[in-house]
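Numbering (our numbering), first residue to last: 8 to 495.
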């Protein structure tokens with residue numbers, strides 16, 4: 008959980024040019040960010056990083072453990088036991104008979120969770136299990152975490168779709184919050200006085216990158232929140248949606264599915280960044296680069312989400328299958344470090360033709376935004392040098408939205424890659440929701456993405472705010488009062 012490699016990874020994942028250097032084999036030096044020395048004075052990357060082929064973190068020199076005060080773990084129970092993993096927790100996997108005949112969004116169970124040692128702004132928190140469905144329409148159980156801050160304004164809820172980006176249920180936010188994950192985005196939202204809804208949008212099957220699953224799970228979590236409101240003593244007026252990177256998949260699909268799948272769900276506004284508008288494009292963009300681990304994870308997520316896992320396994324080389332399957336056992340940072348620079352097609356018997364297997368091709372090509380028109384105003388922020396989600400596809404998506412009457416504000420940050428956009432964009436996400444939660448706010452219209460860019464009159468984050476967020480993201484444990492940040 009407290010993985011030093013996660014902090015280490017961010018020191019080079021934040022350089023957009025490094026991705027291309029990995030792909031073309033021209034890496035000659037290790038990137039750095041400012042004057043950040045690494046973890047506890049360690050170098051940015053171990054000396055044998057290049058010699059190990061950028062692919063085997065298991066051989067790197069060991070790094071010191073984090074010194075987290077024991078009291079930080081007091082939330083897990085009176086006996087200070089580590090939380091039960093989802094695989095051993097019946098809350099996550101009730102008998103099918105208890106939910107298969109329910110409606111989507113119906114509540115299955117509710118339980119309080121003590122997260123105030125992780126998020127000191129909290130008054131109380133709950134986990135809600137609810138009925139939803141898979142990408143193909145089969146009944147599922149999903150879980151969402153509801154957080155209510157001490158300064159709750161009594162009106163506003165933000166549904167935050169986390170970048171789970173993994174193929175293992177232990178990476179779901181509901182479990183990681185209990186295990187000590189502290190994310191600065193959560194703190195920032197709670198400090199505004201907004202309640203948070205954080206769905207495990209990949210579902211129990213951890214169907215990473217499957218937008219039709221994540222979008223449905225997100226919408227049904229909002230239904231479940233409404234259905235559970237009286238039981239958890241929560242009243243609210245407006246709901247906003249936000250997701251970055253893998254969370255943008257859940258958010259984007261949710262707002263496009265909402266008019267037909269969940270017209271009863273009322274959404275005030277939405278925001279997304281690092282937008283994965285086309286999974287097919289992203290798949291080819293990240294393959295062979297520093298984010299190649301997401302290509303492995305996405306392929307397995309599609310296979311799981313669309314019920315074609317056996318077909319994927321059949322097309323893996325016998326001597327490569329075990330290593331490919333390692334993606335199922337870890338969270339995303341391990342995946343990125345494990346497969347960095349690798350070609351996913353080297354693992355298949357069909358090479359690049361593996362994606363032309365009909366079942367896999369169908370799933371990959373189906374997973375794109377722009378299949379329907381959202382009915383809510385949207386703020387999109389994107390790094391123009393994004394190495395995972397190419398900005399051209401986001402431009403096209405904004406064009407589609409604008410031309411179909413959607414009110415869009417588009418922040419397009421030149422020279423910024425995927426990781427740093429997460430930092431520089433979130434302050435304006437906060438400002439956007441502050442505006443839209445004001446009943447007097449009139450969202451601007453647009454005719455194309457250039458006009459949507461001109462609509463961006465949000466104040467840029469101050470240098471102090473950016474530095475505070477940067478410190479939080481990169482593990483300096485300061486800024487916004489975030490002591491003992493265990494998120495990375």
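Note that beta-carbon positions come from the ideal geometry of N, C-alpha and C, so glycine has one too.
Going by DSSP, what residues sit across from residue i in a beta bridge?
{"i": "residue 394", "result": "Its beta-bridge partners do not exist; DSSP assigns none."}
{"i": "residue 154", "result": "132, 203"}
{"i": "residue 248", "result": "166, 277"}
{"i": "residue 179", "result": "None, per the DSSP bridge assignment."}
{"i": "residue 355", "result": "323"}
{"i": "residue 337", "result": "In DSSP, residue 337 forms no bridge with anything."}
{"i": "residue 148", "result": "138"}
{"i": "residue 418", "result": "388"}
{"i": "residue 118", "result": "134"}
{"i": "residue 497", "result": "Because the chain is modelled from 8 through 495, residue 497 falls outside the range shown and cannot be assessed."}
What is the C-beta distance between residue i and residue j, in whole angstroms, given that I count them as a contact (C-beta under 8 angstroms)?
{"i": "residue 247", "j": "residue 440", "result": "5 angstroms"}
{"i": "residue 451", "j": "residue 416", "result": "7 angstroms"}
{"i": "residue 400", "j": "residue 284", "result": "4 angstroms"}
{"i": "residue 424", "j": "residue 393", "result": "6 angstroms"}
{"i": "residue 443", "j": "residue 275", "result": "6 angstroms"}
What residues in its chain sit with their C-beta under 7 angstroms from that of residue i, if we drop five residues either side in the sequence?
{"i": "residue 140", "result": "111, 146, 147, 223"}
{"i": "residue 41", "result": "Caution is warranted here: a pLDDT of 37 is assigned to residue 41, below 50, making its placement in the model unreliable, and no coordinate value can be reported."}
{"i": "residue 461", "result": "none"}
{"i": "residue 63", "result": "The predicted position of residue 63 is uncertain, since its pLDDT is 38 and thus under 50; a value taken from the coordinates is nonetheless stated next. Nothing meets the Cβ criterion."}
{"i": "residue 293", "result": "299, 301, 302, 395"}
{"i": "residue 31", "result": "none"}
{"i": "residue 331", "result": "303, 323, 354"}
{"i": "residue 117", "result": "133, 135, 235, 238, 239"}
{"i": "residue 109", "result": "138"}
{"i": "residue 397", "result": "288, 292"}
{"i": "residue 261", "result": "222, 225, 226, 248"}
{"i": "residue 107", "result": "146"}
{"i": "residue 268", "result": "223, 226"}
{"i": "residue 327", "result": "354"}
Are residue i and residue j touching if we call contact CB-CB under 8 angstroms?
{"i": "residue 150", "j": "residue 203", "result": "no"}
{"i": "residue 335", "j": "residue 175", "result": "yes"}
{"i": "residue 152", "j": "residue 205", "result": "yes"}
{"i": "residue 197", "j": "residue 306", "result": "no"}
{"i": "residue 277", "j": "residue 258", "result": "yes"}
{"i": "residue 171", "j": "residue 209", "result": "yes"}
{"i": "residue 382", "j": "residue 356", "result": "no"}
{"i": "residue 370", "j": "residue 315", "result": "yes"}
{"i": "residue 367", "j": "residue 426", "result": "no"}
{"i": "residue 167", "j": "residue 250", "result": "yes"}
{"i": "residue 155", "j": "residue 216", "result": "no"}
{"i": "residue 125", "j": "residue 187", "result": "yes"}
Apart from the five residues on each side of it in sequence, which residues of its chain come closer than 8 angstroms, Cβ to Cβ, to residue i?
{"i": "residue 472", "result": "Only weak support exists for where residue 472 lies, its pLDDT of 49 falling under 50; the value from the coordinates is given anyway. Closer than 8 angstroms at Cβ, skipping near neighbours: 434."}
{"i": "residue 99", "result": "93, 136, 148, 150, 176, 211"}
{"i": "residue 2", "result": "What is shown of the chain runs 8 to 495, which leaves residue 2 out entirely."}
{"i": "residue 105", "result": "115"}
{"i": "residue 29", "result": "61, 295, 296, 297, 347, 348"}
{"i": "residue 420", "result": "388, 389, 390, 391, 428, 431, 432"}
{"i": "residue 414", "result": "384, 385, 450, 451, 452, 453"}
{"i": "residue 350", "result": "294, 295, 299"}
Residues in its own chain within less than 6 angstroms of residue i by CB, not counting five upstream and five downstream?
{"i": "residue 377", "result": "404, 407"}
{"i": "residue 78", "result": "With a pLDDT of only 33 at residue 78, under 50, the local geometry of the prediction cannot be trusted, and the value read off the model is given with reservation. Cβ within range, chain order: n/a, list empty."}
{"i": "residue 374", "result": "218, 286"}
{"i": "residue 214", "result": "220, 308, 311, 312"}
{"i": "residue 27", "result": "none"}
{"i": "residue 239", "result": "133"}
{"i": "residue 338", "result": "173, 178"}
{"i": "residue 402", "result": "456"}
{"i": "residue 119", "result": "133"}
From the options, pick the residue whose C-alpha is nearest to that of residue i; which is it?
{"i": "residue 231", "options": "313, 401, 256, 138", "result": "138"}
{"i": "residue 163", "options": "300, 432, 273", "result": "273"}
{"i": "residue 280", "options": "168, 389, 130", "result": "389"}
{"i": "residue 159", "options": "350, 243, 268, 418", "result": "243"}
{"i": "residue 183", "options": "268, 266, 91, 194", "result": "91"}
{"i": "residue 241", "options": "229, 249, 251, 250", "result": "229"}
{"i": "residue 458", "options": "412, 351, 444", "result": "412"}
{"i": "residue 291", "options": "328, 447, 103, 361", "result": "361"}
{"i": "residue 195", "options": "142, 260, 143, 127", "result": "127"}
{"i": "residue 358", "options": "321, 418, 345", "result": "321"}
{"i": "residue 161", "options": "245, 372, 329, 465", "result": "245"}
{"i": "residue 252", "options": "102, 169, 422, 409", "result": "169"}
Does the beta carbon of residue i fall short of 7 angstroms from some heavy atom of the ligand FMN?
{"i": "residue 452", "result": "Inclusion of the ligand FMN in the displayed structure is not the case, the ligand content being empty and no account of it being possible."}
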